[in-house]
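Numbering (the numbering used here), first residue to last: 1091 to 1703.
Every residue gets a Cβ at the ideal spot worked out from N, C-alpha and C, and that includes glycine.
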Amino acid sequence: MTWHESIFGNVFPGGSWWNLSDAQEAENPTAKPITVWIALNRMWNLIGRDKWIVLVAVASLIVAAVSEITMPRILAEAVFSAQREEAMVFHNSSRFLVLLCVTSGIFSGLRSGCFSIANIVLVKHLRETLYSALLFQDVYFFDTEAVGGLTSRLTADCQRLSNVIGNDINMILRYSLQGAGAFINLLTLSWPLTLSALLICSFLSIIVSVYGQYQKRASVLTQECNAHANNVAQETLCMMRTVRVYGTEEKELGRYKIWLEKLAFIRIHESMAYGLWNMSFITLYRSTQVMAVLLGGMSIMIGQVSPEQLTKYVLYCEWLIYATWRMVDNLSSLLQSIGATEKVFQLIDLLPSNQFLSEGVKLQRLMGHVQFVNVSFHYPSRPTVPILNHVCLTIEANEVVAIVGLSGSGKSTFVNLLLRLYEPSDGQIYIDGFPLTDLDIRWLREKIGFVGQEPQLLQMDIKSNIMYGCPKDVKNEDVEWAAKQAYVHEFILSLPCGYETLVDDDLLSGGQKQRIAIARAILRDPAILVLDEATSALDSESEHYGVLHALRNDSKTKRTVIVIAHRLSTFKAVDRIVVIDDGRIIEVGNHAELLHKGRLYAKLVKRQTESLT
């Protein structure tokens, strides 16, 4: 059965379209949904100091609504006074109508403008709050959340709120006031006829409440499908060269189409629900008109109401039904928007660990002494898979140490724990004798330089990339000095715009990116420098050795250097080599000592030597 066949086969109540489910909710049944009042309260707080704009909008709305709801009564009086040739009443009514029209126009415009401005402020503050929440999440959060999904939350989901204040709240308040005014006027005209109209409005409200809840649910699923589709597209387009080389275009298209079909499945359900709702409304709306004429006509014949009263009644009755429809229709739209932003508020409410929240110890000077004491670790997403097992290691200040091992042995995890991107599952890490958790995290990261195997450069000029994240003011001479240490100064000068050249993926090779990233780390003048395969893309062994030599001997100050690498030149340039296998330290020594032992390190060196020959 195809997706469109399954849709049209489950249209009526009891079919699958009444029971749309979300896999994420099934996995997390304890997730608490965001109610309307909670969402509105949070939006009100997000507006912040600009609440006065909403208050002006509400005041303008009240004036405009009162003006509009008064017009049917005055209009009927003007028409029937003209029929009775009551000139004074007609002229007074006409002048009053003009005043009401002008008042309604002015304050309606003010209402719309203020609500729209408030809505822009809300979306801006919401996106800022969400982005801030994402930036300060722990790193393991990004191990389970796809980037495409998060960017979809920042854009589409936040933008979904653009209708809440500017349209939904605006219209709900407006038509609530107009509906209440119409109802009061109907009661003063004929309460028996009013009760019959109220009965129809009650039926209409029940139908819309059911429809609104369904729309809210469908909206949540729509945003989920959009997020997944966006993630697939972003992932595929970012690795387009790999897709082209392996010829997986059709496969990737198929992945994208799966989410588009799910999205179409939900949207068609929404359209069917809207069709049923619209059919119900039109039927009830026309029934009210017919009922008003029939019952009103009989009331005129028996002398209970006058033609003028019936005219006012019909006008206000239509106004009541229309106001009820618009009010509940916008309430349905409001529920959709809140449903679409549930995930946004859930992300905002995620609390990171307290490493960003507490002030820790700031040492007068960081010497760079590092000690791992019985450290074990497993990733939160894989609690049953140990990565490091009872690691004990001391690195002296100003020492250059290489971490060596097979792929997946735990080398990068060692560095991640030192940078406090993750917390150890057991054991403790000390810096200059202080527990890592006691040190101020922002201060510590200012004192540590890090360069990864695939360094990320930003879309800005090379000078700004080198200065990125530097905690101190630097001059052009400092930037050039750092570039010289990383053997990239001459290359930068050869570019048309020198240090002002904008970074482009096609402009720089992998090795050039690594050297710029190394210059960025050196400029910080860190007490501890960590290189995670940071020289793997350099062109030659001699160039690779030269960079390491500069980092060790030609810097302005001495520093501790921790290097993760596979190249033979690295092994010869360091003070000590630490060999990790299966999360445990199995060898420690210099190049000659470890070769003499003939264990794993010697095998790795032999393998690399043979590959070079």
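Confirm, please, whether the CB-CB distance from residue j to residue i is below 7 Å.
| i | j | result |
| --- | --- | --- |
| Ala1166 | Gln1268 | no |
| Leu1145 | Leu1216 | no |
| Ser1427 | Leu1251 | yes |
| Val1418 | Ser1295 | yes |
| Asn1209 | Gly1256 | yes |
| Val1395 | Ser1280 | yes |
| Thr1378 | Ile1290 | yes |
| Thr1660 | Glu1489 | no |
| Ile1152 | Leu1187 | no |
| Phe1467 | Ser1515 | yes |
| Val1298 | Cys1248 | no |
| Ala1149 | Cys1204 | no |
| Ile1612 | Gln1575 | yes |
| Met1261 | Asn1420 | yes |
| Val1465 | Gly1517 | yes |
| Asn1479 | Arg1605 | no |
| Cys1315 | Lys1352 | yes |
| Gln1305 | Leu1425 | yes |
| Pro1616 | Gly1539 | yes |
| Thr1312 | Ile1356 | yes |
| Leu1690 | Asp1671 | yes |
| Ser1194 | Glu1158 | yes |
| Ile1552 | Thr1503 | no |
| Ile1438 | Ala1236 | no |
| Glu1342 | Thr1326 | yes |
What does the alpha-carbon distance come out to for the pair residue i and residue j?
| i | j | result |
| --- | --- | --- |
| Val1541 | Ala1607 | 6 Å |
| Asp1258 | Gly1500 | 53 Å |
| Val1653 | Cys1560 | 21 Å |
| Pro1470 | Glu1544 | 24 Å |
| Ile1676 | Gly1523 | 24 Å |
| Asp1530 | Val1451 | 5 Å |
| Leu1384 | Gln1399 | 14 Å |
| Met1388 | Ile1411 | 22 Å |
| Thr1278 | Ala1270 | 13 Å |
| Ser1266 | Cys1407 | 14 Å |
| Asp1528 | Phe1462 | 15 Å |
| Val1593 | Arg1472 | 37 Å |
| Ser1423 | Tyr1346 | 28 Å |
| Tyr1375 | Gly1386 | 16 Å |
| Leu1288 | Phe1170 | 27 Å |
| Ile1196 | Arg1264 | 15 Å |
| Gln1698 | Lys1433 | 49 Å |
| Gly1337 | Ala1317 | 25 Å |
| Asp1233 | Ile1274 | 59 Å |
| Ser1599 | Val1620 | 22 Å |
| Glu1117 | Val1310 | Because the pLDDT of Glu1117 is 42, which lies under 50, any placement of that residue in the model is unreliable, and the question is left without a value. |
| Leu1548 | Arg1243 | 22 Å |
| Ile1128 | Thr1414 | 24 Å |
| Gln1324 | Thr1241 | 10 Å |
| Val1192 | Arg1174 | 27 Å |
| Glu1567 | Arg1614 | 14 Å |
Thinking C-alpha only, which one of the options is nearest residue i?
| i | options | result |
| --- | --- | --- |
| Ala1308 | Arg1243, Phe1232 and Met1362 | Met1362 |
| Leu1440 | Met1557, Ala1149, Gln1227 and Arg1376 | Gln1227 |
| Lys1402 | Leu1288, Ala1272 and Arg1331 | Ala1272 |
| His1681 | Val1669, Tyr1336 and Arg1674 | Val1669 |
| Met1133 | Leu1456, Phe1435 and Arg1455 | Phe1435 |
| Leu1509 | Asp1568, Ser1202, Val1460 and Ile1556 | Val1460 |
| Phe1581 | Lys1565, Val1564 and Gly1601 | Gly1601 |
| Gly1239 | Leu1526, Glu1342, Ala1319 and Ser1157 | Ala1319 |
| Glu1570 | Tyr1558, Leu1583, Gly1199 and Leu1526 | Leu1583 |
| Leu1456 | Asp1233, Glu1486, Leu1694 and Thr1160 | Glu1486 |
| Ala1655 | Val1179, Leu1694 and His1686 | Leu1694 |
| Ile1124 | Gln1303, Val1322 and Pro1586 | Gln1303 |
| Tyr1577 | Asn1555, Pro1586 and Lys1603 | Lys1603 |
With a cut-off of 8 Å on the beta carbons, I'd call residue i and residue j a contact; round off their distance for me.
| i | j | result |
| --- | --- | --- |
| Leu1507 | Ile1519 | 6 Å |
| Ala1572 | Ala1609 | 4 Å |
Entirely enclosed alpha helix (DSSP H) segments - the segment 1514-1573, minimum 4 residues: List check, alpha helix (DSSP H) in window: 1531-1536 and 1552-1557.
Report the start-end ranges of each alpha helix (DSSP H) in the segment 1197-1246 that is 4 residues or longer and not cut off at the edges. If only complete runs of 4 or more residues are kept, the segment 1197-1246 shows the alpha helix (DSSP H) at 1231-1234 and 1237-1242, in order along the chain.
Mind pulling the alpha helix (DSSP H) runs of 4 or more residues that sit fully within the segment 1406-1491? For the segment 1406-1491, whole alpha helix (DSSP H) runs of length 4 or above, ordered along the chain, are 1432-1439.
Mind listing, in chain order, the continuous alpha helix (DSSP H) runs of no fewer than 4 residues lying wholly within the segment 1302-1341? The alpha helix (DSSP H) runs lying completely inside the segment 1302-1341 and spanning 4 residues or more are 1330-1336, given in chain order.
Which residue spans inside the segment 1586-1622 form an unbroken alpha helix (DSSP H) run of at least 4? The alpha helix (DSSP H) runs of length 4 or more contained entirely in the segment 1586-1622 are, from start to end of the chain, 1600-1613.
Which full runs of the alpha helix (DSSP H) of 4+ residues lie inside the segment 1133-1184, going along the chain? Here the runs fully enclosed are 1141-1173.
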